[in-house]
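Visitor:
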Amino acid sequence: MELDFIRKAQLKQKGNFYEDFQSGQVFEHHWGKTLNEGDNSHFSSLNLEANPLYFNHCYANAHDHPSVVINPMLVFNTVFGLSVEDLSEAGGLFLGVDELIFHRTVYPRDTLTARSEVISKRESGKNPSLGIVSWHTRGFNQCDDLVIDFKRTNLVSKKERSD
Amino acid sequence: MNIDALTGNDNYFEDFTVGEVMKHARGKTVSEIENVQVTNMVMNTAQAHFNEHSMLGTRFQKRIVFGGCTAALVIGLTSQDTSENALMELGLDKIRFKSPVFHGDTLYAYTEVLKLSESDRDDAGEVLFRHWGVNQNQVVVFEGERRTLIKRRNYTVSGDSITQ
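Chains A and B, in that order, give the protein sequences. Everything in the first sequence is counted per our numbering, starting at 1 for the first residue and increasing by one. Everything in the second sequence is counted per our numbering, starting at 164 for the first residue and increasing by one.
In structure tokens:
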């Protein structure tokens, strides 16, 4: 049968559910990413960023940087993005971020990796098929220097959905 | 290159007053470029942001914009008035996504100056801002605080690099 492969295929499920998280559990997230000048310039322009440190090399030099600076919101988004499969891909709204600190300037060709620890988990009062989980995520450069850390909270789906 | 002429003259540390509230001039309609492209660029694998078909059975019925994109856009919309003369972003806090954002929504940004502080250098100071992102129906979709290190008027650019 022409579509036999669809019948035979097993879904390669990604992500973790509420039941998979335990307080204190640590995730070393996959992939890492080298940031480049093109993505940085593009990201900054799309968001109407006005600080020339992120897109004017001469201006950045005049402010004691060896090159343009990676937009801190791109650093945040990249470290966050690397954490998604482990933490939040299985579903549930992103509620907020607290205590985010930019510890160190990031430059083009720096490579970021991410690690997270589960801070807390609790049931949702409004929806029994969901829980609320908070994580402490840290981002590092290629020298293992801490460049960013923040606490993030999401709704997270349970495996056994009651809805 | 006249470095000082590249940025505005009304957004140095001394120009901010605690309690002032700004409405930023430009809004932006969120499209697939701001959401799908950036979500994929930053390796965010949650397909609620980029698989329209997967969303048909949900209460949203369509893709929702990644909060990180919303945050970056709202802060970007504020930046000419808040951080054009910033030396460094220090941190964010109390970031809340109050309502989902969809492709086609238009976001506007508002800012209140919460606090002005000395920094460890005499040519820059710290400003604590509160930002809001609001959609075309005046629904708040984003709010949060941001700490930024901003040049004082006595800041001087390093001389050797001006000749580059």
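Glycine is no exception: its CB is placed at the ideal position from the N, C-alpha and C atoms. Note that this is a predicted model, so its numbers are computed, not measured.
Taking buried to mean at least 16 other C-beta atoms within 10 Å of its own C-beta, is alanine 232/B buried or exposed?
Guide: The sequence position of residue 232/B within the second sequence is 69, counting from 1. Checking the sequence, you will find cysteine at residue 232/B rather than alanine. With 16 or more other Cβ atoms within 10 Å, it is buried.
Visitor: Judging by CA-CA distance, which residue of Glu37/A, Val26/A, Gln22/A, Thr153/A is the nearest neighbour of phenylalanine 94/A?
Guide: Here residue 94/A refers to the residue found at position 94 when the first sequence is read from its first residue. Per the Cα distances, Thr153/A.
Visitor: Okay, do the segment 13-28 of chain A and the segment 111-121 of chain A touch, 3+ Cβ pairs below 8 Å being the bar?
Guide: yes
Visitor: Could one say the Cβ of alanine 168/B lies closer than 8 Å to chain A's Cβ atoms, at least one of them?
Guide: One-based indexing of the second sequence puts residue 168/B at position 5. Closer than 8 Å: no.
Visitor: State yes or no: is the C-beta of leucine 255/B within less than 8 Å of the C-beta of arginine 309/B?
Guide: Counted from its first residue, the second sequence places residue 255/B at position 92. Counted from its first residue, the second sequence places residue 309/B at position 146. For leucine 255/B and arginine 309/B, yes; Cβs fall inside 8 Å.
Visitor: I need the straight-line Cα distance from tyrosine 318/B to arginine 222/B, nearest angstrom please.
Guide: In the second sequence, residue 318/B corresponds to position 155, counting from 1. In the second sequence, residue 222/B corresponds to position 59, counting from 1. Straight through space, the alpha carbons of arginine 222/B and tyrosine 318/B are spaced by roughly 52 Å.
Visitor: Does any residue of chain B have a CB that is nearer than 8 Å to the CB of glycine 96/A?
Guide: Walking along the first sequence from the start, residue 96/A turns up at place 96. Closer than 8 Å to some Cβ of chain B, the Cβ of glycine 96/A qualifies, so yes.
Visitor: Starting from glutamate 37/A and walking both ways along the alpha helix (DSSP H), at which residues does that stretch end?
Guide: Counting from 1 along the first sequence, the entry for residue 37/A is found at position 37. Start and end: 37-46.
Visitor: Identify, in the order they occur along the chain, each residue of the same chain with its Cβ nearer than 8 Å to the Cβ of leucine 197/B, setting aside the five sequence neighbours on each side.
Guide: As a first step, residue 197/B is located in the second sequence; it is residue number 34 there, counting from the start. Looking at the sequence shown, residue 197/B is not leucine but glutamate. The answer, listed in chain order, is Lys191, Val228, Cys232, Leu236.
Visitor: Look up methionine 328/B in the DSSP assignment and say whether it is helix, strand or coil.
Guide: As shown, chain B starts at 164 and ends at 327. That puts residue 328/B outside it, with no answer to give.
Visitor: How many angstroms separate the CA atom of arginine 226/B from the CA atom of glutamine 142/A?
Guide: The sequence position of residue 226/B within the second sequence is 63, counting from 1. The sequence position of residue 142/A within the first sequence is 142, counting from 1. Those two C-alpha atoms are separated by around 34 Å.
Visitor: Going along chain B in order, which residues have a C-beta closer than 7 Å to the C-beta of glutamate 89/A?
Guide: Counting from 1 along the first sequence, the entry for residue 89/A is found at position 89. Under the 7 Å cutoff, chain B gives Thr208, Ala209.
Visitor: Taking buried to mean at least 16 other C-beta atoms within 10 Å of its own C-beta, is isoleucine 6/A buried or exposed?
Guide: Translated into the one-based positions of the first sequence, residue 6/A becomes position 6. It counts as exposed.
Visitor: Between Leu277/B, Thr202/B, Asn172/B, which lies nearest to valine 181/B when the distance is taken from Cα to Cα?
Guide: Residue 181/B sits at position 18 when you count from the first residue of the second sequence. If we check each option's Cα against that of valine 181/B, Leu277/B comes out closest.
Visitor: Just checking: is the beta-carbon of valine 303/B within a distance shorter than 8 Å of some beta-carbon in chain A?
Guide: Indexing the second sequence from 1 puts residue 303/B at position 140. Chain A, which has no Cβ nearer than 8 Å to the Cβ of valine 303/B, makes this no.
Visitor: What residues of chain B sit near aspartate 39/A, judged by a beta carbon separation below 7 Å?
Guide: Here the question's residue 39/A lines up with position 39 in the first sequence. Neighbours of aspartate 39/A on chain B, chain order: Met204.
Visitor: So glycine 288/B contacts chain A; which residues on that side make the cut at Cβ distance below 7 Å?
Guide: Here the question's residue 288/B lines up with position 125 in the second sequence. Those do not exist, as glycine 288/B stays about 16 Å from chain A at its closest Cβ, beyond 7 Å.
Visitor: Run through chain B and tell me which residues come within less than 9 Å of aspartate 110/A, C-beta to C-beta.
Guide: For the purposes of this step, residue 110/A is identified with residue 110 of the first sequence, where counting begins at 1. Residues of chain B passing the Cβ test: none, with the nearest at roughly 15 Å.
Visitor: Output yes if chain A places a C-beta closer than 8 Å to the C-beta of threonine 326/B; else output no.
Guide: Position 163 of the second sequence, counted from the first residue, corresponds to residue 326/B. With a pLDDT of 45 at threonine 326/B, under the threshold of 50, the modelled position of this residue cannot be trusted, and the question is left open.
Visitor: Reducing DSSP to helix, strand and coil, say where lysine 186/B ends up.
Guide: Within the second sequence, the letter at position 23 stands for residue 186/B. If DSSP states are grouped into helix, strand and coil, lysine 186/B belongs with the strands.
Visitor: Hey, how far is the Cα of threonine 330/B from the Cα of leucine 253/B?
Guide: Since the first residue shown for chain B is 164 and the last is 327, residue 330/B is missing from the structure and cannot be characterised.
Visitor: For valine 276/B, would you say it is in contact with chain A, using Cβ-to-Cβ distances shorter than 8 Å as the test?
Guide: By one-based count along the second sequence, residue 276/B stands at place 113. No, because no Cβ of chain A sits closer than 8 Å to the Cβ of valine 276/B.
Visitor: Which residues in chain A have a C-beta closer than 7 Å to the C-beta of glutamate 252/B? List them in chain order.
Guide: Locating residue 252/B in the second sequence gives position 89, where the first residue counts as 1. Going along chain A in sequence order, the residues near glutamate 252/B (Cβ under 7 Å) are Pro72, Phe102.
Visitor: Taking the alpha-carbon positions, what's the glutamine 299/B to leucine 46/A distance?
Guide: Within the second sequence, residue 299/B is the residue found at index 136, counting from 1. Within the first sequence, residue 46/A is the residue found at index 46, counting from 1. If I take the Cα positions, the gap works out to 19 Å.
Visitor: Would you check if the distance between the CB atom of asparagine 71/A and the CB atom of phenylalanine 27/A is smaller than 8 Å?
Guide: Here residue 71/A refers to the residue found at position 71 of the first sequence. Here residue 27/A refers to the residue found at position 27 of the first sequence. Not in contact: asparagine 71/A and phenylalanine 27/A (Cβ atoms no closer than 8 Å).
Visitor: Can you tell me where the alpha helix (DSSP H) holding serine 120/A begins and where it ends?
Guide: Here the question's residue 120/A lines up with position 120 in the first sequence. First-last for serine 120/A: 111-123, but that is the beta strand (DSSP E), not the alpha helix (DSSP H).
Visitor: Note down the Cα distance separating histidine 266/B from valine 193/B, rounded to an integer number of angstroms.
Guide: Locating residue 266/B in the second sequence gives position 103, counting from the first residue. Locating residue 193/B in the second sequence gives position 30, counting from the first residue. Going by the C-alpha atoms only, they are around 5 Å apart.
Visitor: What's the gap between the Cα of alanine 211/B and the Cα of valine 97/A?
Guide: Translated into the one-based positions of the second sequence, residue 211/B becomes position 48. Translated into the one-based positions of the first sequence, residue 97/A becomes position 97. The alpha-carbon separation between alanine 211/B and valine 97/A amounts to approximately 19 Å.
Visitor: Note down, in chain order, each residue of its chain lying with its Cβ closer than 8 Å to the Cβ of aspartate 286/B, except the 5 sequence neighbours on either side.
Guide: Against the second sequence, residue 286/B aligns to sequence position 123. Closer than 8 Å at Cβ, skipping near neighbours: Lys314, Arg315, Asn317, Tyr318, Thr319.
Visitor: Measure the C-alpha to C-alpha separation of glutamine 200/B and lysine 8/A and round it to an integer number of angstroms.
Guide: For the purposes of this step, residue 200/B is identified with residue 37 of the second sequence, where counting begins at 1. For the purposes of this step, residue 8/A is identified with residue 8 of the first sequence, where counting begins at 1. Taking the straight line from one Cα to the other gives about 33 Å.
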